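Residue numbers for the sequence shown follow the UniProt record's numbering, so the first one is 1 and each next one is one higher. C-beta: ideal position from N, C-alpha, C; glycine also. Keep in mind it's a predicted model, so treat the numbers as computed, not measured.
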Amino acid sequence: MSDFKVCTLNVNGARDVGKRACIYELLKLKKVNVAMLQETHSDTLNGTDWRREWDGEVVLSALSSTSAGVAVLFARGFIPKSHTVEERVKGRLLVVRANYELFNLVFINVYAPNSGPARVQFLNELSAVLSFRERKRDFISLKQWWDCGKADIRQLCLQYTLNVSRDITKSMRDLEMEIVELQSFAESTGNPGCIEDLKSKKAILADLLGSRAQGALVRSRFQSASMMDSPTKYFFSLEKKNGQGRLIHALRSAGGQQLTGNSQIRQRAVDFYCDLFTCEYNEDDGGFNLFCRGLPTVSEETNKELDGPLTEEELCAALKSMQGGKAPGIDGLPPEFYKKFWDFLKEDLMDLFNESFNDSFLPLSCRRAVLTLLPKKGDLQEIKNWRPVSLLCTDYKLLSRALSSRLRKVMDQVVDRTQTYCVPGRSIVDNVSLIRDILEVSVFLGFDTGLVSLDQEKAFDRVVHRYLWKVLERFGLSPGFIAKIKVMYVNIESVLKINGGLSRPFNVTRGIRQGCSMSGMLYTLAIEPMLHNIRSFNEGLFLPGFNTRFILSAYADDIIVFIKNQQDVLKLGQVVDTFQKISSAKVNWAKSEALAVGEWTGGLPQLPGGLTWKRGGLKYLGVHLGDEVTLGKNWEGFLEKVEGKLNKWRWLLPHMSYRGRVLVINNLVASSLWHKLKCVEPPAGLLKKLQGIILNFFWDKLHWVPQCTLYLPKEEGGQGLVHLESRAAAFKLQFLQRYLTGNDDVVWRPVASTILRGVAGLGLDASLFLTNCDFTRVCGLPPFYKRLFKVWTLFKWARVGPAASLFWLLEEPLVWGARLDVQDGSRPALTERLQSVGVVKLRNIVDAAGPGLHNTEAVASLLGLKSARHTRTILNEWIKRLSDDEMEMLREYSNRKETPDEGDPFPDIGILTDQDGLKHRLHADFHMLNGKGFYRLCTLALNKQKLSERRDTVWKQRLNVPGGCEPVWRLFYKPPLNKRSGDLQWRILHGALGVNAFVSKINPTVSSECPFCTQRETITHYYLDCHRLKPLFNVLKTVFLDCGEVFTETAFIFGAGYNKKNAGKWELLNFIVGQAKISIYKSRKNKINSTAGQQLNQMFVSLVKTRVSLDFRFHCLMRSMEEFLTRWCFTTAVCSVGEELTFNSVFV
């Protein structure tokens, strides 16, 4: 469509021929193609004059010669081929539909009545006219309609924010004028009421200025310090120098020339990614079919589920699972928009996706991604050292997430357990645990083992779409579901965002979009044929006592292949070469690694691509694994890194609440430990040193509360600060839980069993944890497993019920405090006897003694005992400890009626924390606990002594509260209270304030007296007993009575209370109590510093009024007054709203 100019002009009467001539000249001078004029005052008599005078087409709608009248004028060069005219309201609402050769246009000329019923009627008519925009059939397709609609919504949002900003600016200007007038009046009269009003308006203006500044900070991806106490993306990115790292100052051309201009840099990047995402795939159906033979396929039942039509429920579930705060795609609409307006959008979105499936392509906005470049390690003048991240539109991600929930169901059916990436129930920890234990076992058993780590060059970006569709077919996915996935990649484009500018779009014919929810699963499926062939042709490792071969470990493109001989290397090279030919993938041998473990007396195998063997260890998935020196690299400089991270936040400490500090510590600092702590054991003392560093950061100066209290959950009076030793212990218990009760596809389980069987030479693996591990001799075990047993012994455990499995009954240990350990004073050396002859399981006894354990002679011979009577006594003791059902199982086993099943689940175990004297006496099912539950248990177990000595609050005796009455800790941080107010109330309950009775003990120059009276200032005097508090308490009593509640000292200190039924009332009362405590604190501080603001009631009233007034202005601007009324106007105890905001008399 060509550009054309449209103007609209109120001419205020155009009956005069001279005035009309001026209008015509103006339109010609401005080169207007279509003019829409209002108040023409035209009628049927002068309509011919308009048509004669104007050198083009004229459409008039007249009302009278003295009012109204509208006209549409088409210039001579822009006259439509045909047009239709609707006079919806004579002289006021004219609709012209103009038909041109390549497009159609609708012009609507509006001149509305000023007021009265005629205006309402007119607006209703106009609304009916504008409803044509809702008709999807006026667009070529739903996809075009959807893209146009998103563009209009984006423009509307921009205009709305512009209007709100304008209103805030006007409010600030009005406030400034009022403040100037009040200041002049206060200076001349000294009126106290005027001064208080002045302070209140200044506070409101300051808050508005803060909000204005915050808006600027948000636009620069920053957030104000007062809003930092939520786990938002803004909060976690404060330590980064935002934006600077994404600027590209220079790039090298393909020929090595340095490029510095923005256009040159952009063109170089576009050329590089055009080449990277352009397919260079040469199809070889014969080679592909041969390579992909034997791949597993999806079941028919699963395919029926995959083939079903997309449902609204799937889209809704996908939307709910999407996180907010993410950078939107090219349309600018984030997930929050779709969540807010889902009821309006869901039907249209369903229609859109169904049309896209029928047409086999998505709307243009969904097909076009914005690529932003993030720096990687290396020379940043090389474009390959910038990592592209796709910014995709939310509607694309919504459909992708819905399809990924279906694809996820097939992953474990077709992907071998050696690949863990994006397969439900598998974890990156599985890979690291396998390599760690393989290295330990190879050394322990003296194996010659080689590990080759393959580096895939641009792994995700080199996946050819045609190859991917063929692989999906070979896995047996239904054609209908494959077609749905194809829609996500048909005719897709990308634009590069570099240094703030966008490049031209370019086509993408290979590569998986890493912002797409399916991308990880699609890559896993794409590389699985190569892994399948490696598993088929390589010999791998065998462990004694197991039939499992260990050939490789894969997490996406991070692949380690186990090598036993030269033949394995040759087969690996052949498989990699073939895979590169059929898929366009590329292995970078120069960046790959090879590790040799063992003697290799016959010589190490020759490696391809110039790769050489190394000794000691290697880094795999972010963890250094191997010998002691290599393991130590995981923790090199870690203390310094943590201190460096925390130092970046120290400038913000004065502005951060305790919750904010905990967020920094738990989510940004301590969490950097988690991956390594799950896999390897840190050096002795490291966690204690780290704990000291983070505690010093939390308190900044004095440590006011015992650290064990900080580790408790927020609901129990703690702050939820992480206890590193407890977290590390919880990881060990999760590892053990997965070992004992995890799925059959836990790939490292046989290797772990091999290590455990070496404990004291018993040959026990999982059944070790049916013994009393306090007796376990762990010398010779790897550090990880030593710590595992130490953590296990933190707890007492008990079997939950008798054995229900024949396999685990036969595996029952006979030693080390197990259920069937019958050693006592009369049999002091029985355990040593059993261990010496290798009889440590019930199976050994049953096989010798028969089903009823009656063959005394055979057991005596087996154990080397001379006394038949003594042997019989031992057998009888074992029989006593077995239930009737268990004895029946043994008889059926001996009679070959029942066979033990190695796949039976591990027996149920209950763990009991040894917390004598504490209220935290917990019993839990080991199988059912999650990470949070394990951490809770470990925190209590490792801090039990300090917790047993802890008082939850210093106030119970003073308030004389009954035993079951506890502070409602969560109330102190509940909106509308801010988190600094919550911190103060938390400290009051813990008695952690610098009252004079305490300060005078460490500083003799400070008096122990209250600054306002001669009484000794204790924490209870500070907040309950001082005479200056009585007027404030009288105000609080009035507010409570107005809300239908009774004010008490307990309600003041412990919190007013809360229930959802009257949430508004309780939130208001808790806010009032919180502001009262802040007023007490601030007025005392001002008294000590001899500054203004020592009058307690005035400060309290000012704090309440300032906050309420600010909220009132905000909700007025946002047109959300109902929310304001719900929060602040309960029974008008604080305020009411008529035409203006009015405060209750106690706040005047």
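Asked                                                                                                                           : Found
Strand pairing of A71, partner residues [DSSP]                                                                                  : L37, L60
Cβ-based neighbour list, F697, same chain, cut-off 6 Å, excluding 5 preceding and 5 following                                   : L646
Spatially closest choice to E528 from G294, A924, G1093, by CA coordinates                                                      : G294
D925 burial status per 10 Å Cβ neighbour count (16 or more: buried)                                                             : exposed
Contacts around S997, its chain only, beta-carbon distance under 6 Å, and the 5 residues preceding and following it disregarded : For the record, residue 997 in the displayed sequence is Ala; it is not Ser. So the qualifying residues of the chain are S1008, R1016, E1017, T1018.
DSSP-derived helix/strand/coil call for Y620                                                                                    : strand
N- and C-terminal bounds of the beta strand (DSSP E) containing I498                                                            : 493-498
Under the three-state DSSP convention, the category H532 falls into                                                             : helix
Contacts around R426, its chain only, beta-carbon distance under 6 Å, and the 5 residues preceding and following it disregarded : T420
V837 classed as buried or exposed, judged by whether at least 16 other C-beta atoms fall within 10 angstroms                    : exposed
Integer Cβ distance of T776 from P813, believed to fall under 8 Å                                                               : Rounded, the Cβ-Cβ distance is 11 Å, inconsistent with contact.
Residues that DSSP places opposite D558 in a beta bridge                                                                        : Y555
G850 versus W792, S894, F1033, M889, residue with shortest Cα-Cα distance                                                       : S894
Selection from E39, V6, H41 that minimises the alpha carbon distance to L26                                                     : V6
Contained alpha helix (DSSP H) runs [length at least 4] in the segment 782-816, N- to C-terminal order                          : 783-792, 806-810
Test item: CB-CB of V623 and L690 under 8 Å                                                                                     : no
Nearest candidate by alpha-carbon position, reference G13, set K30, D3, T40, K28                                                : T40
The segment 650-662 contacting the segment 676-689, beta-carbon criterion three pairs below 8 Å                                 : no
Simplified DSSP assignment, three categories, for S82                                                                           : strand
CB of G520 within 8 Å of CB of C422, strictly                                                                                   : yes
Touching by the beta-carbon criterion (3+ pairs, under 8 Å), the segment 304-323 and the segment 530-543                        : no
Residues bridged to L251 [DSSP beta-bridge criterion]                                                                           : L259
Reference M86; option with closest CA among P80, R738, R97                                                                      : Met is not the amino acid found at residue 86; the sequence shown has Glu there. It is R97.
Cβ separation of V490 and F361, assumed to be a contact under 8 Å, to the nearest whole Å                                       : 5 Å
Assigned exposure category for W704 - 16 Cβ within 10 Å defines buried                                                          : exposed
Same chain, Cβ closer than 7 Å to Q734, neighbours up to 5 away in sequence not counted                                         : G931, F934
Option in L1110, L451, K1082 with minimal Cα separation from Q1098                                                              : K1082
C-alpha distance - M411 paired with A151, whole-angstrom precision                                                              : 38 Å
Spatial neighbours of P117 in its chain, beta-carbon cut-off 7 Å, leaving aside the 5 residues before and after                 : none
Contact under 8 Å by Cβ, S65 with R20                                                                                           : no
Beta-carbon contacts of K678 that lie in its chain and below 6 Å, excluding the five residues immediately before and after      : V429, F731
Nearest neighbour of R869, chosen from D904, R827, I534, Q719 [CA to CA]                                                        : R827
Residue environment, G325, which counts as buried when at least 16 other CB atoms sit within 10 Å                               : exposed
Member of F4, E1049, Q159, R872 whose CA lies at the smallest distance from the CA of W955                                      : E1049
Cut-off 6 Å between Cβ atoms - residues of its own chain near V815, not counting five sequence neighbours on either side        : D821, T831, L834, V840
Selection from I911, T509, A1063, K484 that minimises the alpha carbon distance to F460                                         : T509
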